[in-house]
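Note that the sequence shown covers residues -26 to -1, 1 to 595 in mature numbering (1 follows the signal peptide of the UniProt record, and there is no 0).
Notes follow once the structure below has been shown.
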Amino acid sequence: MRNWLENALSGIALFLFAIASSNTTAQFAGSPSTLPVSFQYKTLANGYKAVDTAFTPELYGGYSFDESRTRLRLELGNLGAPIYDLLYNPVYHNYLEWGNAPFYHQRYRHEQVRFYKANAPLTEARYTQGYNRGQLFRIFHTQNIHRRWNYHLHWQRLNSEGFYPHMNTERSNFTLSTDYLSTNGRYTFQGYYTWQRQLSNENGGLRFDTVFTKNTRRDRPLVPVKFRDGKSTSAVQTAYFQHTYDLLQIKSTDGEEKDKKLFSIGIGHRFRYERERYEYFKNHRDEDTMYFKQFNYSTEQTQDSTTFEYLRNEAFASVGLGEQVELRGGVGFQHSLHSSRYHKHYFPQWRTFGEFEWRRKRMHVQAGISYLPAGEATGASALYGRFQYVLNNNLRLSAWIQNSMEAPHAFYRLHLSNLTGWNTSFKYIRYREAGGEIDLPYMGTLTLRSWLNEGLIFLDSTLKPFQHDGQVSILQAKWTFEQPLAKWLTYRHTAAMQQVSRRELIRLPEWMADAEVYSRFYLFQRNLGVIVGAGAAWFSQFDAMGYSPVLGSFYLAEQKEIGNTLLVDAFIHFQIKSAVITLRYENATAGWLTPYNYFGAKNYPMADPVLRVGLLWRFFN
């Protein structure tokens, strides 16, 4: 291993020296404003932002499937494995959205889809080495067909070898998005399609959690696991589009503000379709009942599958007052289907909604309401409001509030499958959130969020769902800070505190921190940019969740404390023009400064120390 590492580093150094010694022009210190062309992107929730063509560390600091840099989450093995978030997220921890929550971060989600503006074609390719034969490859391309029409292609492929027997994961994601504006500005269209598939070899976790407590066991392929023949597959398809047309437009005729929109009345149509299938299979053994209680087994094999389809089709009308105020109201029909080999259950539902948005100089206000007047989930509703004020580039204030009533049968938690057909009646879930955030110069970002939920649903230790009758409150305070310590040295951190009223249900650490320090400098007449640094994360003890591969879900396992854990990474990036070579040594101290027994869930250890090598390359024409 040591000789291989020395040879690899020597080869990289010679390669970098050869390129940097040639007559090249560095772009490492550039900024988007200095480039001859501009690139911007937006999501369905946020306006346009500049693409980071200056290559800041955030661009290539993330090695997870969703490119996140945070260390405040637990990966149950290697890349592509289930992930448990340490920071409370209601969509993730309380399953307020369809899907297998442990793989939430492995998917290209609705709110992540990007729509670009590009004055020239832009292509990016990225490769990351996993463990053993594991690898992650990602490529995206965007270009404008003409000034008002853009398309974007995104594809990624993961093949991840685990550290323990029977842990391989394969995942593929493909996304196509497009954005169009007509010549007269009356018609707009946004849409995307995603296809995602994952195949995982499941081992059910380790047979014994005490294997590494004395730091004596390093033969991972020999560690006893619960089984070696389980497999799960997940396939997801999503299609979405929204188009609008202004029936009436009144524009300014003044010189400087000519053609500026003063008033408009329009109509629109929004469509969203999702289909997900989850399947689990393994040969049956008598001892399986030790690990999967309350399920019905044949004598030959264990096979469980479930399919969920969701469709929302709605029309709306809008009124715009200048470019500052917009009101929307509409009605739609939504339909969901839970099905398996033996069960089918339709949930038709009508939905009404209203939306309001006001932009004025430095202020932005949003509000919305929705209500389901007919169908099985009659009475479900949601109300939200958001406010943002920007005083200058260094001071920003925002606040938000949300109150909703959710129908439990809309959640994956209550899926119907071949082995499970839970017909328990649950009352509606009440979800409330209030929060605020402030950006201060020299202080960073302070965020305070609180939740008060009623009727939350969980899986118990026997993998059966139950509903908590009382309230569960969560208070979360987070401080994010970044500050240059010198011209060549930068420090940043995220620290958080979480107070939970029922920690046996919402299992999260009370304290956590993620810090990083890195140095940035240039060599070979500034032709070679280098970033070298280290980061660490720590979180306090809490009761671990369990993970069930049959359901692809976390559950409330019998007591097993994890935490009080220090995770350390070291990294170095080399950049020449638009190419970046990265090296990152993860969980670097495990086994010599800290123990091996880091667990992300009961019976599921986190990854061992591993060196990841990656390459990112951008093409601007």
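Every residue, glycine too, gets a C-beta built ideally from N, C-alpha and C.
Taking a cut-off of 8 angstroms for Cβ pairs, the region 406 to 418 and the region 503 to 522 do not touch, as fewer than three such pairs fall below it.
The continuous beta strand (DSSP E) containing Tyr559 extends over residues 553 to 560. Ranking Leu479, Ala470, Gln499 by CA distance to the CA of Ala489 puts Ala470 first.
Burial state of Arg481 is buried, judged by a 10 Å Cβ sphere holding 16 or more other Cβ atoms. Under the three-state reduction of DSSP, His67 is assigned to helix. Between Ala209 and Tyr167 a beta carbon distance of about 14 angstroms is seen, past the 8 angstroms cut, so the two are scored as non-contacting. In its chain, beyond the 5 residues on either side, Tyr62, Trp425, Val474 have a beta carbon closer than 6 angstroms to the beta carbon of Ile448.
In this structure, Asn118 sits away from Ala99, with a CB-CB distance that is not shorter than 8 angstroms.
Close CB contacts of Phe361 within its chain, under the 6 angstroms cut and outside five residues either way in sequence, are with Val339, Ala373 (chain order).
In this structure, the straight-line span from the alpha carbon of Thr17 to that of Ala24 is close to 12 angstroms. Looking at the backbone, the Cα of Trp324 and that of Leu530 are separated by about 34 angstroms. The beta-bridge partner set that DSSP reports for Ser527 consists of Ser522.
Rounded to the nearest whole angstrom, the CA to CA distance from Val65 to Val587 is 33 angstroms.
Within the same chain, and ignoring the five residues on either side of Leu525 in sequence, the residues whose Cβ sits closer than 7 angstroms to its Cβ are Leu437. Going by C-alpha positions, Ser134 is about 26 angstroms away from Arg88. C-alpha of Thr207 to C-alpha of Gln170: approximately 11 angstroms in a straight line. With 16 or more other Cβ atoms from the protein chains shown falling within 10 Å of its own Cβ, Tyr90 counts as buried. Rounded to the nearest whole angstrom, the CA to CA distance from Ala564 to Tyr492 is 21 angstroms. Around the beta carbon of Ser292, a 10 Å sphere encloses 16 or more other beta carbons of the protein chains shown; the residue is thus reported as buried. Sixteen is the threshold: since fewer than 16 other Cβ atoms of the shown chains lie within 10 Å of the Cβ of Ala348, the residue is exposed. Annotation for Tyr125: the continuous beta strand (DSSP E) segment containing it runs 123 to 134.
Here DSSP, grouped into helix, strand and coil, assigns Phe593 to strand.
According to the DSSP assignment, Phe114 belongs to the beta strand (DSSP E) that extends over 109 to 120.
With contacts defined as CB atoms closer than 8 angstroms, Arg251 and Thr281 qualify as a contacting pair. Check the Cα spacing between Gly359 and each of Phe255, Gln109, Ser344, Ala351: the tightest is with Ser344. Note: Trp453 is bridge-paired with Leu420, Ala469 in the DSSP secondary-structure output. Ser522 is classed as buried because its beta carbon has at least 16 other beta carbons within 10 Å across all chains shown. Looking at the DSSP output, Asp153 sits in a beta bridge with Asn124, Gln164. Minimum Cα-Cα distance from Arg466 among the listed residues Tyr416, Glu484, Leu540 corresponds to Tyr416. Rounded to whole angstroms, the gap between the alpha carbons of Asn501 and Phe13 is 24 angstroms. Rounded to whole angstroms, Thr97 and Phe290 show a C-alpha spacing of 36 angstroms.
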